[in-house]
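See structure below.
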Amino acid sequence: LDAAAMAHPYIGTERMLDGSDAVSDWPLLNAMLNCTAMADLVAIHSGGGGYTGFMTSSGVTLIADRSPEADYRLQHVLDADTGLGVLRYADAGYDLARQTAHDTDLDALNL
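For the sequence shown, the residue numbers in the working numbering are 3 to 113.
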């Protein structure tokens, strides 16, 4: 589960090193970043499945029709979506995520 796309106190982001289990800023940032990366459809979800008030998540849809525009969108959305997940863990203090951010030039934020 992509940590940047979901904030839930009991699923996926529970027991983060810094105690920031359910920070709904991350899914909102994820949705906005996917919009700027030209995703075809971006959705923000809240609750559902009996979790009303407990979780926020974002989802993304891309159309891969082999066009140059689709190639561009696929690369940018998938890089942005995955990169923000790495940054979520780096921000929470995970050494592997910090090293990955450094190795892939995601460390411009000096986490």
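C-beta atoms are modelled at their ideal positions from N, C-alpha and C, and glycine is treated no differently.
> Quick one: Cα of A92 to Cα of L31, how far?
Replying inline: If you number the sequence shown from 1, residue 92 lands on position 90. If you number the sequence shown from 1, residue 31 lands on position 29. One C-alpha to the other measures close to 15 Å.
> For T38, which three-state DSSP category applies?
Replying inline: Here residue 38 refers to the residue found at position 36 when the sequence shown is read from its first residue. Helix, per DSSP.
>> Quick check on the burial criterion: 16 or more other C-beta atoms within 10 angstroms. Buried or exposed for M34?
In response: Locating residue 34 in the sequence shown gives position 32, counting from the first residue. Flag for M34 reads exposed.
>> Which of the three DSSP states is assigned to H10 in this structure?
In response: For this step, residue 10 is matched to residue 8 along the sequence shown. Residue state, collapsed to three classes: coil.
> For the candidate residues T102, V62, R17, whose alpha-carbon lies nearest to that of D42?
Replying inline: For the purposes of this step, residue 42 is taken as residue 40 along the sequence shown, with counting starting at 1. Among T102, V62, R17, the Cα nearest to that of D42 is on V62.
> Could you give the distance in angstroms between the alpha-carbon of V115 and the alpha-carbon of D20?
Replying inline: Coverage of the chain is limited to positions 3 through 113, which leaves residue 115 absent and any answer about it impossible.
> What does V44 pair with, by DSSP beta-bridge criteria?
Replying inline: For the purposes of this step, residue 44 is identified with residue 42 of the sequence shown, where counting begins at 1. V62, per the DSSP bridge assignment.
> Going by C-alpha distance, which of A6, G85, W28, G95 is nearest T106?
Replying inline: In the sequence shown, the residue the question calls residue 106 occupies position 104. With distances taken between Cα atoms, T106 lies closest to G85.
> Of the choices D27, M8, I13, N36, whose alpha-carbon is the least far from that of Q77?
Replying inline: Counting from one through the sequence shown, the residue named residue 77 turns up at place 75. Taking only the C-alpha atoms, the option nearest Q77 is N36.
> If we call anything under 7 Å between Cβ atoms a contact, is P29 one with A7?
Replying inline: In the sequence shown, counting from the first residue as 1, residue 29 sits at position 27. In the sequence shown, counting from the first residue as 1, residue 7 sits at position 5. Taking 7 Å as the Cβ cut-off, P29 and A7 qualify as a contacting pair.
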